[in-house]
Every structure is written in structure tokens, then in C-alpha cells.
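Worksheet for the structure shown next.
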Amino acid sequence: MARPVYSTKDDKLATAILDKKKRPNRLVIEDSLNDDNSVVALSQQKMDELQLFRGDTVTLKGKRRRETICIVLADDACPNDHIRMNRVVRNNLRVRSGDIVSIQACSDVKYGKWIHVLPIDDTVGGITGNLFEVYLKPYFLEAYRPVKKGDVFIVRAAMRAVEFKV
Numbered sequence: 148m149a150r151p152v153y154s155t156k157d158d159k160l161a162t163a164i165l166d167k168k169k170r171p172n173r174l175v176i177e178d179s180l181n182d183d184n185s186v187v188a189l190s191q192q193k194m195d196e197l198q199l200f201r202g203d204t205v206t207l208k209g210k211r212r213r214e215t216i217c218i219v220l221a222d223d224a225c226p227n228d229h230i231r232m233n234r235v236v237r238n239n240l241r242v243r244s245g246d247i248v249s250i251q252a253c254s255d256v257k258y259g260k261w262i263h264v265l266p267i268d269d270t271v272g273g274i275t276g277n278l279f280e281v282y283l284k285p286y287f288l289e290a291y292r293p294v295k296k297g298d299v300f301i302v303r304a305a306m307r308a309v310e311f312k313v
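Per our numbering, residue 148 is the first one in the sequence shown, and the count goes up by one each step.
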């Protein structure tokens, strides 16, 4: 016959690590339907809880202290404790679908006058012409794209996809 379990202070200390902590800014990753490299999607309820608004800039922290910056958008189809991001953002954070990332509002993002961007050699094989005019200028022109040093992003143009590193 099973004996009744009475919780004592020692039992609570021993099992404290198993208790789920309240961390509203820790979210489970899902694949995004959006193909934009600078956008993540949250549910409107989670955005209200974290006091985020549509178009806010957020810092995402992944594994091994990897960080990146993205723009947050509302997605009604996204579950409350999930975040949707595309493959490029997941690769920058070194995470996969189902992993956990933390999200924080980032209000002090400066507008860059210029950045150093280099193409990844494997992806530019056989391409001739000006990479800036064909790929980078249309990607950044008239678009708010937050980038962080060390990020890799993919630009699709002229029937090719080229990867660049900041």
C-alpha cells in the first residue's frame, strides 16, 4: 500500500529544480511561414505580456551566447509560448526548431551609415558583375533590416541565392 506523501521543506528544496519557473520571455522555436530574414512572429497575447508592439526591435539569445536582432510581428496562428523564425535567423542563433530562445526588447538600436558585408565564397561561384548593385542594394533599400556583427543572411535575386556575412 502506498503511503501518503507529505511535502516538507527538505522535499521542496530537493525538487525545486524540477519546478517550472515563470519566464515569459523564454519561447519555443517554430518554423516561420514568412521568408524574411529580419522578422520573427509572436502571438498578440505574448506581445502584450512582454509589452512589445508590432515593428519593435528585439534581441534574441540562442545557444552558446549567440545573439541577433530582429523585428517582431504579430501572428494569430502562432501558439502563445512559441516564436516563429526562418532558417536564417535560427542558423545565426545556432538553434533548431523545438529549442528555446529568450527574447528582450531592444530600444537602443542605432541606424548604421555603413556596414562591412562580405559574400560567402561558396555561394558566389560563377557570378559575374557587381554584387552590390544586384543583391545588396535592393535588399537594404527602403527596408528596415537590423543586422548584428557576425550574422549571416541570404539574398535571393537574379535566379540565385547568395549568402553574406556582416
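All C-beta atoms in this analysis are idealised placements derived from N, C-alpha and C, irrespective of residue type, glycine included. Nothing here was measured: the structure is a model prediction, and the numbers come from that model.
For the alpha helix (DSSP H) that contains residue i, what are its first and last residues?
i, result
"E177", "Per DSSP, E177 belongs to no alpha helix (DSSP H); it is in the beta strand (DSSP E), R173 to D178."
"K193", "Q191 to E196"
Measure the beta-carbon distance from residue i to residue j and round it to whole angstroms, keeping in mind my assumption that it falls under 8 Å.
i, j, result
"L189", "C225", "6 Å"
"G209", "V248", "5 Å"
"I381", "R213", "Examination of residue 381 is not possible in this model, given that the chain is present from 148 through 313 alone."
"V309", "P266", "6 Å"
Quick one: Cα of residue i to Cα of residue j, how far?
i, j, result
"K295", "T215", "6 Å"
"E288", "D183", "Reading off the sequence shown, one finds Leu at residue 288, where the question assumed Glu. Cα-Cα distance, rounded: 14 Å."
"D223", "Q251", "20 Å"
"K260", "R170", "36 Å"
"R292", "D246", "24 Å"
In the DSSP assignment, find the beta strand (DSSP E) that holds residue i and state where it starts and stops.
i, result
"K312", "R307 to K312"
"K295", "First-last for K295: undefined, no H or E at that position."
"K284", "From DSSP, K284 is part of no beta strand (DSSP E) but of the alpha helix (DSSP H) over K284 to F287."
"L199", "Unbroken run through L199: none, as it is neither H nor E."
Contiguous alpha helix (DSSP H) assignments of at least 4 residues, all confined to the segment 211-260: 234-240
Touching by the beta-carbon criterion (3+ pairs, under 8 Å), the segment 271-290 and the segment 226-234: Touching, no, given that fewer than three Cβ pairs across the two stretches are closer than 8 Å.
The segment 189-207 contacting the segment 228-245, beta-carbon criterion three pairs below 8 Å: yes
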